[in-house]
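Encoded as structure tokens, the structure appears first; notes follow it.
Number of protein chains: 2
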Amino acid sequence: MTVTAAQGFLACGVAAGIKESGAPDLALVVNRGPSRAAAGVFTSNRVQAAPVRWSRRVLDDGRLAAVVLNSGGANACTGPTGAGDTRLMAERAAAAVGAAPDEVAVCSTGLIGVLLPIDRVTAGIDAAAAALSPRGGEDAAVAIKTTDSVHKTAVATRSGWTVGGMAKGAGMLAPGLATMLVVLTTDADADAPLLDSALREAVRTTFDRVDSDGCMSTNDTVLLLASGASGTVPEAAEFTEAVHAVCLDLARQLVADAEGASKEIEVAVVGAASERDAVTVGRSVARNNLLKCALHGEDPNWGRVLSAIGTTDALFDPDRLDVAINGVWVCRNGAAGESRDKVDLSGREITVTVDLRSGGESAVVWTNDLTAEYVHENSAYSS
Amino acid sequence: MTVTAAQGFLACGVAAGIKESGAPDLALVVNRGPSRAAAGVFTSNRVQAAPVRWSRRVLDDGRLAAVVLNSGGANACTGPTGAGDTRLMAERAAAAVGAAPDEVAVCSTGLIGVLLPIDRVTAGIDAAAAALSPRGGEDAAVAIKTTDSVHKTAVATRSGWTVGGMAKGAGMLAPGLATMLVVLTTDADADAPLLDSALREAVRTTFDRVDSDGCMSTNDTVLLLASGASGTVPEAAEFTEAVHAVCLDLARQLVADAEGASKEIEVAVVGAASERDAVTVGRSVARNNLLKCALHGEDPNWGRVLSAIGTTDALFDPDRLDVAINGVWVCRNGAAGESRDKVDLSGREITVTVDLRSGGESAVVWTNDLTAEYVHENSAYSS
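Taken in order, these protein sequences are the chains called A and B.
Residue 250 is where the first sequence starts when you use the numbering used here, and the numbers rise one by one after that.
Residue 250 is where the second sequence starts when you use the numbering used here, and the numbers rise one by one after that.
Okay, structure coming up:
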């Protein structure tokens, strides 16, 4: 049920003809209220797609009535025409659902630098508005897929209210958000400041710690809409926890479905002097192409882990670094520890643990292995 | 003739049995003087191999009598035993060539985290010392290869003196030096301060701007030894230019021979507000896996260039960025420019030009495409 798991929301997904394949490519999510509070987090890339610029602006007042999303084209690096097309999408969706244009967020994903077939998109919005349903969440999740092999949804129900969501993302997954579009909805009666703080806290330790290929998108967007339809004002801590749980679930699904990946790698950094140090080291390890190749080949190459740690400015002593791969401490005190032969890397999930032995802070960063399939997908697919 | 192109140097390369293949794996370079001035630049990785720690220390006084180099093992992350092995190598080489141990630099390359077969190494040093020759430069260059498909040498002759050198490096090529060992020699009568300034200036715009796979090694070393045997004191500017020319030649050879690569990519950033901005943008573009895949697939995907630029803090306006691929300005003002169809990417060499339109500074960074062969080499070869 995804974005329609919470009360007060309608959604749908249709094929508007944006994708040449004829697959579903346009989704609409509508908040029927009574509240229209909303929050959003966007890519930190300075090259931002037209829909990101638009949605960031319309969220200034903490209110959204609807979100229109399309796959099949990112509408990024498309100049004034692209900006106009985003405005047209918002206006058409607003008219169709009885809202103002500046109450409608727009999300686009697909090829950068190409204009959308705007006539098809606007006709698709009309068709989507006519097909809205309180059970349309799955169709919406399917319609935002690009190279995703599966659609991604998650739901958490707490004290009388629910948080649900959908996500797309399969490549260009990196911090400052993965290449992804995420829409979360809740029927909790949460105001915009709570939505904003809960969303930022959740994103910071979930989507922002996914680093599949080090590449940051121009279109990343995470939205959270509250209808208040449950009539329950949530307790802030419980609400924040629920939003985090849904984000974490979706983030893990993004990693599991990353383009061409055969391994899901969790880089857990412990013993750090600060959380910032832990994240810095985690990202450096997660981005190391040589390590990602080694793990693909099921080689517990801890030397490449140390090389990656050494490029950071985190607090550590090179002669006191410990590294475990799948629980085997193959590196102790910056040199060989337990036998590499004890490490079993045959499974899909791999954990690399780095102990900086410099403090009590920790962080986890998720990534994938680097495979010939990744190269193939990204040299053959223009995105 | 490489390191023996300049007068006053002896060299050789032998098979010491470090590599299981039986290929040459130990080299010796000896400066017969009359001068023994020297300079060095080392990896900026904080995890540094024992030979790097040693060589950095012995170069404190700006003098070297010899360099002993081995492939087949990096002697990195090997603890106190590894440090002792490096010292043994210096002592043995010093004894064999009639120098003090602290006049001998040590360079190692190969697998991280594994101890060297030190008995074979020291026996190899004795054999190498017996085989030293004024024509041994080529053999030395061959003996330091790891996954290099060819050995790399370069020579520049100027006003009565010569600079020559050898390099190895094929993967883990990234700024703060590529994974590489480089030994340069000259018969110019240059003192240590001139050697140091010329070497730093040359490395800064050559080896430090090679970014093949974003991975920084624990062992990178560039040494410059002067014998003074030409009897000519070089003019500083001419000497700096000659060292730069040899470094640039070797750096380009490293990129040309990078593991698994099928394209040599020059990222030229112009119109930058500062050289630092130009380098930052160049590195970000050069490290973008998605772009490297696209260029491998001969897809002039300028959207991925813009995505990479957008992750930097360089001065630019996203709506005024221009990008050319092989001379075709496919992106103008942050949006589509000339037709992608005009871009011919069938050749091995590709130039990506980024015009930030924010100033008069520029920089070039060299990288490679990302290929299935890179993944294969680095998942199957433990290094």
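All C-beta atoms in this analysis are idealised placements derived from N, C-alpha and C, irrespective of residue type, glycine included.
Because the structure is a prediction, the values reported are computed rather than measured.
Can you tell which of the options has its C-alpha closest to the C-alpha of residue i?
{"i": "glycine 359(B)", "options": "Leu275(B), Ala451(B), Thr406(B) and Trp551(B)", "result": "Leu275(B)"}
{"i": "valine 431(A)", "options": "Ala441(A), Thr616(A) and Lys417(A)", "result": "Lys417(A)"}
{"i": "arginine 281(A)", "options": "Ser511(A), Asp438(A) and Val534(A)", "result": "Asp438(A)"}
{"i": "serine 320(B)", "options": "Ala585(B), Ser611(B), Gly531(B) and Asp469(B)", "result": "Asp469(B)"}
{"i": "threonine 454(B)", "options": "Cys496(B), Gly414(B), Val482(B) and Glu484(B)", "result": "Cys496(B)"}
{"i": "serine 607(A)", "options": "Glu524(A), Ala500(A), Asp375(A) and Ser446(A)", "result": "Glu524(A)"}
{"i": "threonine 616(A)", "options": "Ala500(A), Lys394(A) and Ala521(A)", "result": "Ala500(A)"}
{"i": "phenylalanine 488(A)", "options": "Ala573(A), Ser628(A), Val412(A) and Leu259(A)", "result": "Val412(A)"}
{"i": "serine 202(B)", "options": "Gly331(B), Ala254(B) and Val613(B)", "result": "No answer is possible for residue 202(B): the residues shown for chain B start at 250 and end at 632."}
{"i": "serine 408(B)", "options": "Ala491(B), Phe258(B) and Thr434(B)", "result": "Ala491(B)"}
{"i": "leucine 443(A)", "options": "Ala339(A), Leu259(A), Phe565(A) and Gly477(A)", "result": "Gly477(A)"}
{"i": "valine 579(A)", "options": "Val363(B), Ser611(B) and Ala441(B)", "result": "Val363(B)"}
Around the C-beta of residue i, are 16 or more other C-beta atoms found within 10 angstroms, so that it is buried, or is it exposed?
{"i": "threonine 406(A)", "result": "exposed"}
{"i": "methionine 421(A)", "result": "Annotation note: pLDDT 49 at methionine 421(A) (below 50); position unreliable, no value reported."}
{"i": "alanine 349(A)", "result": "exposed"}
{"i": "aspartate 568(A)", "result": "exposed"}
{"i": "proline 300(A)", "result": "buried"}
{"i": "arginine 536(B)", "result": "buried"}
{"i": "arginine 384(B)", "result": "exposed"}
{"i": "glutamate 598(A)", "result": "exposed"}
{"i": "arginine 306(B)", "result": "exposed"}
{"i": "proline 329(B)", "result": "exposed"}
{"i": "valine 252(A)", "result": "buried"}
{"i": "glycine 322(A)", "result": "buried"}
{"i": "proline 238(A)", "result": "Nothing can be reported for residue 238(A): it is not among the residues displayed for chain A, which extend from 250 to 632."}
{"i": "glutamate 484(B)", "result": "exposed"}
{"i": "glycine 552(A)", "result": "buried"}
{"i": "valine 572(B)", "result": "buried"}
{"i": "aspartate 388(B)", "result": "buried"}
{"i": "glutamate 269(B)", "result": "exposed"}
Give a yes or no on whether 9 Å exceeds the smallest Cβ distance from residue i to chain B.
{"i": "proline 567(A)", "result": "yes"}
{"i": "valine 601(A)", "result": "no"}
{"i": "alanine 507(A)", "result": "no"}
{"i": "serine 595(A)", "result": "no"}
{"i": "isoleucine 558(A)", "result": "yes"}
{"i": "glycine 583(A)", "result": "yes"}
{"i": "cysteine 356(A)", "result": "no"}
{"i": "leucine 503(A)", "result": "no"}
{"i": "alanine 331(A)", "result": "The question names alanine, but residue 331(A) is glycine in the sequence shown. Yes, glycine 331(A) lies at the interface with chain B (some Cβ there is under 9 Å from its Cβ)."}
{"i": "cysteine 496(A)", "result": "no"}
Hey, is residue i's beta-carbon within less than 9 Å of any beta-carbon in chain A?
{"i": "arginine 553(B)", "result": "yes"}
{"i": "valine 528(B)", "result": "no"}
{"i": "arginine 295(B)", "result": "yes"}
{"i": "asparagine 617(B)", "result": "no"}
{"i": "aspartate 368(B)", "result": "no"}
{"i": "leucine 539(B)", "result": "yes"}
{"i": "alanine 349(B)", "result": "no"}
{"i": "valine 624(B)", "result": "yes"}
{"i": "aspartate 548(B)", "result": "yes"}
{"i": "threonine 620(B)", "result": "yes"}
{"i": "threonine 395(B)", "result": "no"}
{"i": "methionine 421(B)", "result": "No answer about methionine 421(B) holds up, because its pLDDT of 48 lies below 50 and its placement is not dependable."}
{"i": "serine 628(B)", "result": "yes"}
{"i": "isoleucine 361(B)", "result": "yes"}
{"i": "threonine 251(B)", "result": "no"}
{"i": "alanine 543(B)", "result": "yes"}
{"i": "leucine 605(B)", "result": "no"}
{"i": "serine 588(B)", "result": "no"}
{"i": "serine 466(B)", "result": "yes"}
Sort out for me which residues DSSP pairs residue i with in a bridge.
{"i": "threonine 602(B)", "result": "Ala517(B) and Ala573(B)"}
{"i": "phenylalanine 258(A)", "result": "Asn280(A)"}
{"i": "leucine 433(A)", "result": "Gly414(A) and Leu473(A)"}
{"i": "asparagine 617(B)", "result": "Glu513(B)"}
{"i": "alanine 585(A)", "result": "Cys580(A)"}
{"i": "alanine 612(B)", "result": "Val518(B)"}
{"i": "alanine 286(A)", "result": "Arg312(A)"}
{"i": "valine 459(A)", "result": "Trp615(A)"}
{"i": "leucine 275(A)", "result": "Val263(A) and Asn319(A)"}
**Message:** Suppose only complete runs of 3+ residues qualify. What are the beta strand (DSSP E) ranges in the stretch 478 to 551 of chain A, listed by chain order?
**Reply:** The qualifying runs are 513 to 521.
**Message:** Suppose only complete runs of 3+ residues qualify. What are the beta strand (DSSP E) ranges in the stretch 349 to 426 of chain B, listed by chain order?
**Reply:** Entirely contained in the stretch 349 to 426 of chain B, the beta strand (DSSP E) runs reaching 3 residues are, in chain order, 353 to 357, 401 to 406 and 411 to 417.
**Message:** For a minimum of 3 consecutive residues, which ranges assigned as the beta strand (DSSP E) are wholly contained in the stretch 288 to 347 of chain B?
**Reply:** List check, beta strand (DSSP E) in window: 315 to 319.
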